[in-house]
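Numbering (our numbering), first residue to last: 634 to 1070.
Built from N, CA and C at the ideal position, the CB exists for glycine as well.
Remember, it's a predicted structure, so these values are computed and weren't measured experimentally.
A short write-up of the structure that comes next.
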């Protein structure tokens, strides 16, 4: 007899659920309701930005990320904007492919590794922790602290010593690109498209060995900056999923730093993720150029009206230190007085690249290769930022825009961190298999 009651109980339960008030559809919400709804999502998901450059002068006892510096990323701005995870980048510009060049590159990388460890271990371990795994990320966030992770932009500091791949892993690096702007000893750069001059026609033999070492130790392979041929070769060689730590869609904006559809489809097949980058000239070159030209035009006119003589870079290089300092002080004063008026007039005439333009790339990528292969990055303090997300303190605006476009909380969580951390897990699992653990 008891079993006969189960269908009746289930029917009653379904009636009650059907009668409960439903969450309003996004399109039916007022602006205030939409913002409040988005804030809830933003607080619950883990927000992760895969590419933030650093200057080690901001990692000292006297001047550091516990302070609200002028940098686009620091702990107060992360707290204000709800950015949980910052991948701090060990970036090295491309130099000569000589022993002297490799030594200088290594010194630069060493300095940046030490700076990040200094921040998380000595300066502010109570405010930010270094994560090496996805579990670390979740644990540190749960503790109420911010998270630092380490990426290496340009494998140039490896030189010809392949053991440095393991060293960088042990020092916390969890992704690395094999080139930046200029061909490295490991890989051609996308910049070869400018003059059609290539060094390796993809990867060098040493670069191929480095890919195998990265797979072995659990460092994600980063496709941002190497050439298309090199990227396709890396995806063929890699035993684990790859990432593009800060790239957007070339079909949306035809610059060599963005990934074209052929690379995107191969990335999907590989199981990797592209971290869409909020870099104005990569998002919309034409709009950015028009906006920048208008800002310069309005600035020059207002400067002339107010008797302030603007100097270009060549003129500044010719100044002695005292003259340059005096000019920079006067320039800062001019911008303080007239910056708002310049921005208002210029942006009205030629709008800046904004969060909506950035989200257009996210939409394209999601539609092209699937949401599980798309993430988010800024390239802050390395030239990145768009109107509305021009610093960590404005991070919520990205979530708000995604909510406006109908993305669910689960999808937003995947875009912000879930997809990237899934790739990290898979890369580290492959490494254990290779090591026989």
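Taking the alpha helix (DSSP H) that residue i belongs to, which residues open and close that run?
| i | result |
| --- | --- |
| residue 908 | Counting along the chain, residue 908 falls outside any alpha helix (DSSP H), though it belongs to the beta strand (DSSP E) covering 906–910. |
| residue 846 | 838–850 |
| residue 736 | 732–751 |
| residue 772 | 767–775 |
| residue 975 | 954–982 |
| residue 802 | 796–803 |
| residue 946 | 946–950 |
| residue 1036 | 1029–1037 |
Would you identify the three-state DSSP class for residue i, choosing helix, strand or coil?
| i | result |
| --- | --- |
| residue 941 | coil |
| residue 1049 | helix |
| residue 790 | helix |
| residue 1019 | strand |
| residue 679 | coil |
| residue 860 | coil |
| residue 661 | helix |
| residue 919 | helix |
| residue 986 | coil |
| residue 1058 | helix |
| residue 654 | Note that residue 654 scores a pLDDT of 38, beneath 50, so its modelled location is shaky; the value from the coordinates is reported in the next line. Residue 654 falls in the coil class under three-state DSSP. |
| residue 1063 | helix |
| residue 728 | coil |
| residue 875 | coil |
What residues are listed by DSSP as bridge partners for residue i?
| i | result |
| --- | --- |
| residue 813 | 815 |
| residue 722 | 686 and 784 |
| residue 882 | 892 |
| residue 1013 | 685 |
| residue 853 | 808 |
At what residues does the beta strand (DSSP E) containing residue i begin and finish?
| i | result |
| --- | --- |
| residue 779 | 779–786 |
| residue 763 | 761–763 |
| residue 708 | Segment 708–714 is the alpha helix (DSSP H) holding residue 708; no beta strand (DSSP E) there. |
Using a Cβ-Cβ cut-off of 6 Å (strictly less than) and excluding sequence neighbours within five positions of residue i, which residues of its own chain qualify?
| i | result |
| --- | --- |
| residue 791 | 797 |
| residue 756 | 697 |
| residue 834 | none |
As a quick exercise: from the options, pick the residue whose alpha carbon is nearest that of residue i.
| i | options | result |
| --- | --- | --- |
| residue 843 | 820, 834 and 827 | 820 |
| residue 664 | 943, 1036, 743 and 900 | 1036 |
| residue 753 | 738, 905 and 719 | 719 |
| residue 750 | 691, 799, 729 and 715 | 691 |
| residue 898 | 876, 722 and 917 | 876 |
| residue 941 | 954, 947 and 960 | 960 |
| residue 919 | 934, 886, 764 and 716 | 886 |
| residue 1056 | 662, 746, 767 and 687 | 767 |
| residue 784 | 808, 967, 733 and 777 | 808 |
Ordered along the chain, which non-local residues of its own chain (more than five positions away) have a Cβ less than 7 Å from that of residue i?
| i | result |
| --- | --- |
| residue 1003 | 901 |
| residue 1032 | 671, 674, 675 and 1045 |
| residue 774 | 679, 717 and 780 |
| residue 917 | 886, 986 and 990 |
Once the 5 residues before and after residue i are set aside, which same chain residues still bring their CB inside 8 Å of it?
| i | result |
| --- | --- |
| residue 654 | Because residue 654 sits at a pLDDT of 38, beneath the cut-off of 50, its placement in the model cannot be relied upon, and the following sentence gives the value as read from the coordinates. There are no such residues. |
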